[in-house]
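Under mature numbering (1 follows the signal peptide of the UniProt record, and there is no 0), residues -30 to -1, 1 to 192 are what the sequence shown spells out, in order. From the three backbone atoms N, C-alpha and C, an ideal C-beta is built for every residue, glycine too. Worksheet: one structure, shown below.
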Amino acid sequence: MQTIKTTRAKRASAGVAAACAVALTGGAMAAAGPVNAAGADDGARTTTLSAKGLKYKCKATNSVVDQIVGGPQQFLVDSKGAFKGKFKPGTTVTSGTQKLTLVLPKKLVKKVRKDLKVKRVKGSADVKYDFKSKPGGTSKVNVKGLKSGWKKVPKKGALRIPVTGKAASYKIKKGTKKLSVLAPKSFKIHARLAPPVLGSVKKTDLNCKFNGKSRKVGVLVK
């Protein structure tokens, strides 16, 4: 009889433990449920837009540099940027990392190294995307923090100078049916040169103007 009572007691204890476990599990699921639901209902997401080989002709504002390289030179820009939001009219788009890579083709690299006798370059850029809304027109969206440390100018081949920054937030107007992101028609580079050109020109700005076929980077609202 003692064995039967002991067995029953163990079963009862196991049953209570199981019930407690179920209760605790259920309580945990109930607590987690609203958090997951809120995330699902939020509807925000991240999308990445990119374009390669955007063409720009850039002219040095320093007359000595401009004369030595032979006037405006061809540059390329690769653009890749993350944007976050619901991407619906009346909501706000925020910026993830914006990566822009300035590409000096090998022909220009040769001029920089042999004609300017520059071995290292660094700088920053003033860039504003064009957010084109239909209907609604185009708005300028500033990209901040685009700076590069010193980069060696190679003896041959192209030179790629990547920089990263963040774009300002943008509120999608009500009634917007399509929202496209375009590379800028123009932008400015603030370049530092080492060693200085002719021993004295340590820096120059470059005014860059788009000379390709399409500035389209991508679409946020379709």
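What residue range does the beta strand (DSSP E) around residue i cover?
i             : result
serine 94     : 90 to 104
valine 79     : Counting along the chain, valine 79 falls outside any beta strand (DSSP E), though it belongs to the alpha helix (DSSP H) covering 76 to 80.
lysine 186    : 186 to 191
threonine 146 : Here threonine 146 belongs to no beta strand (DSSP E), and DSSP marks it neither H nor E.
Whose CA, out of the options, lies closest to the CA of residue i?
i           : options                       : result
valine 63   : Val91, Phe53, Lys22, Leu72    : Phe53
lysine 136  : Leu116, Asp36, Lys147, Pro124 : Leu116
serine 170  : Thr17, Leu24, Val35, Lys22    : Val35
residue 201 : Pro59, Leu176, Pro165         : Here the chain covers residues -30 to 192 and nothing more, so residue 201 does not appear.
lysine 173  : Thr18, Gly188, Ser33, Gly127  : Ser33
Could you pull the DSSP bridge partners for residue i from this structure?
i              : result
asparagine 32  : Partner(s): none; asparagine 32 has no beta bridge.
proline 132    : Thr71
isoleucine 159 : Ala95, Leu176
leucine 24     : Val47
threonine 16   : Lys54
leucine 86     : DSSP lists no partner for leucine 86.
serine 118     : Gly93
leucine 168    : None, per the DSSP bridge assignment.
Please work out which residues of its chain come closer than 6 Å, Cβ to Cβ, to residue i, disregarding the five sequence neighbours upstream and downstream, and give them in chain order.
i             : result
arginine 130  : Thr71, Val73
lysine 179    : Lys27, Ser156
lysine 50     : Ser20, Lys69
lysine 56     : Gly13, Ala14
aspartate 100 : Thr108, Leu152
threonine 67  : Ala52, Thr134
Comparing the CB of residue i with every heavy atom of the ligand SAH, is any distance shorter than 6 Å?
i              : result
asparagine 112 : Ligands in the displayed structure: none, and consequently the ligand SAH is not present.
Since I believe residue j is in contact with residue i (beta carbons under 8 Å), could you give me their beta-carbon distance rounded to a whole number of angstroms?
i          : j            : result
serine 103 : threonine 61 : Incorrect: roughly 13 Å between the Cβ atoms, too far for contact.
Near residue i, which residues of its chain fall below 8 Å by C-beta distance, leaving aside the five closest residues on each side in sequence?
i           : result
proline 105 : Gly145, Thr146, Lys147
valine 39   : Ala30, Leu78, Lys81, Val82, Asp85, Leu86
lysine 121  : Arg90, Val91, Lys92, Leu129, Ile131
Leaving out five residues on either side along the sequence, give the residues of the same chain with a beta carbon under 7 Å from the beta carbon of residue i.
i           : result
valine 123  : Val79, Val82, Arg83, Val88, Lys89, Arg90, Val91, Leu129
residue 205 : There is simply no residue 205 to check, as the chain begins at -30 and stops at 192 in what is shown.
lysine 143  : Pro59, Ser103, Gly106
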